[in-house]
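In this note's numbering, the protein residues as written are 38 to 378.
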Amino acid sequence: MTYILGIESSCDDTSASVIKNTRVLSNIIANQVVHSSYGGVIPELASRAHQQNIIPVVDFALKAANIQKNQLSAVAFTRGPGLLGSLLVGTSFTKSFAMALDIPIIEVNHLKAHILAHFLDDDEGIDSPGFPFLCLTVSGGHTQIVKVSSPSKMEIIGSTIDDAAGEAFDKSAKIMGLPYPGGPEIDKLAKIGNPLAFTFPKSRMPDLNYSFSGLKTSFLYFLRDRLKEDEGFIEKNKADLAASMQFTIIEILLEKLKKAAITTGIKEIAIAGGVSANSGLRAELKQMADREGWKVHIPGIKFTTDNAAMIAIAGYFKYLEKDFSTQDVTPYARSNSELSY
Ligand code: KG4
Ligand code: ZN
38 MTYILGIESS CDDTSASVIK NTRVLSNIIA NQVVHSSYGG VIPELASRAH QQNIIPVVDF
98 ALKAANIQKN QLSAVAFTRG PGLLGSLLVG TSFTKSFAMA LDIPIIEVNH LKAHILAHFL
158 DDDEGIDSPG FPFLCLTVSG GHTQIVKVSS PSKMEIIGST IDDAAGEAFD KSAKIMGLPY
218 PGGPEIDKLA KIGNPLAFTF PKSRMPDLNY SFSGLKTSFL YFLRDRLKED EGFIEKNKAD
278 LAASMQFTII EILLEKLKKA AITTGIKEIA IAGGVSANSG LRAELKQMAD REGWKVHIPG
338 IKFTTDNAAM IAIAGYFKYL EKDFSTQDVT PYARSNSELS Y
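Shown next, in the form of structure tokens:
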């Protein structure tokens, strides 16, 4: 039996998880409320909160998994990409914790981990895609279409040239005066709004690439003009604005995913990352899968946003290959190829 402790601290969630092979025994997440009043994550506050949270969160994860720390086979941690100060907390903790136990440490790429979350097994069962599959990774910092040939062999075949899909949600929400993070707020409002009430221009990008910054700007200008005529425009049209914006983002995302499936001939399709929690995206993807004859894999909501179970499973695959890191490893805020290491 292999027991992996996973540690995630790349942004504003401190998380620890214990898995037994692919089975999730615990997955504890401490969200940082400190950022909500600022309308975004403040890196310095995030790293301080990680410092406060990391030991209790790990302790809780071990207790919830009902295992002793000396049963652990290895510790997997997010090396990057993410906020450097936040990543440093998880990396430093991992090094000293593993050194004391004399067990290996395993560096994990956060984006690969989002994809590998599909291989986690819990009470709700497991629905792992077969290789090769395409994964639309949509998070707060990234939007990528990835061809996944094995747990270690992944190739980015499309990505955003500017904002990520999550930013498109968060920034539109901010323009509307909704709290951070805006994605879940837009999702909630969209359920009671008309997606066809307003239309926003979609950028035309070549190949399998995305661009979301133009959409955000046109939303800003559209609202600025309407507010001149009616100060209460946003308040009166909140749900329709959210539904129309969400509809446009989903159309952009799925149009390129469809193109990727046609280009590669791959019909095994997955989504991953925080935005894959979006109820509209999940529903539209299922419909597209029916029309296109795809086998679609949608992760359980708890494995979509940042969590340490996904870090643990990515670590598990590397553990099987004995692909360990050394004590001189340092975090990366970005890497040249976002799926390297
Ligand atoms: O993967 P994630 O937790 O963190 C990063 O690695 O970035 O993704 C966070 C992003 C945020 O932009 C958040 O607004 C978005 O995921 N998000 C959603 C929903 N839940 C989280 N966006 C749309 N609908 C949701 N239900
Ligand atoms: Zn993430």
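Even for Gly, the Cβ is constructed at its ideal location relative to N, Cα and C.
Where do the ends of the beta strand (DSSP E) carrying residue i lie?
i	result
H334	332-334
S240	Element bounds for S240: n/a, residue is neither H nor E.
V112	111-117
L62	60-68
D50	50-57
A309	305-309
I44	40-45
E204	That residue, E204, is in no beta strand (DSSP E); its alpha helix (DSSP H) goes 202-212.
G195	191-196
L226	Here L226 belongs to no beta strand (DSSP E); instead the alpha helix (DSSP H) covers 219-227.
Between residue i and residue j, what straight-line distance do the alpha-carbon atoms span, to the nearest angstrom?
i	j	result
F270	L260	8 Å
V55	G177	25 Å
H87	G117	15 Å
S123	S313	23 Å
F170	R263	44 Å
L226	M136	48 Å
D199	Q108	44 Å
S129	S46	11 Å
A349	A309	16 Å
S196	I92	36 Å
I152	C172	7 Å
V71	L82	7 Å
G311	M347	12 Å
S110	A102	14 Å
A150	F206	22 Å
L257	D50	29 Å
V126	A98	17 Å
G220	A201	12 Å
Is residue i near the ligand ZN, going by C-beta to nearest heavy atom under 8 Å?
i	result
D343	yes
S54	no
G167	no
G127	no
H87	no
C172	no
G352	no
H72	no
H155	no
S196	no
S46	no
H151	yes
Report whether the distance from the Cβ of residue i to the nearest heavy atom of the ligand KG4 is below 8 Å.
i	result
F315	Here residue 315 turns out to be Asn, not Phe, going by the sequence shown. For the ligand KG4, at least one heavy atom lies less than 8 Å from the Cβ of N315.
L318	yes
G310	yes
H147	yes
F206	yes
A307	no
S176	yes
A201	yes
G220	yes
I223	yes
H179	yes
D158	no
D50	yes
Return the first residue and the last residue of the alpha helix (DSSP H) that residue i is part of.
i	result
M347	345-357
S313	S313 -> no alpha helix (DSSP H), and no H or E assigned at all.
A137	121-138
K184	Here K184 belongs to no alpha helix (DSSP H); instead the beta strand (DSSP E) covers 180-185.
N90	80-102
L148	147-153
S281	270-301
E266	250-266
L245	Premise fails: L245 is in no alpha helix (DSSP H) and is neither H nor E.
L157	Note, L157: premise wrong, no alpha helix (DSSP H); not H, not E.
* Asked: Three or more C-beta pairs closer than 8 Å, one from the stretch 208-217 and one from the stretch 73-82: is that the case here?
  -> Touching, yes, given that three or more Cβ pairs across the two stretches are closer than 8 Å.
* Is there contact here, the stretch 346-358 with the stretch 319-327, by at least three beta-carbon pairs under 8 Å? -> no
* To do: Count the C-beta pairs between the stretch 357-367 and the stretch 159-167 that are closer than 8 Å, then say yes if the count reaches three, no if not.
  => no
* Asked: Just checking, does the stretch 270-287 make contact with the stretch 216-231 on the three C-beta pairs under 8 Å criterion?
  -> yes
* For the stretch 241-256 against the stretch 282-293, are there 3 or more C-beta pairs whose distance is under 8 Å? -> yes
* Can you find at least 3 beta carbon pairs, one from the stretch 139-159 and one from the stretch 335-345, that sit closer than 8 Å? -> yes
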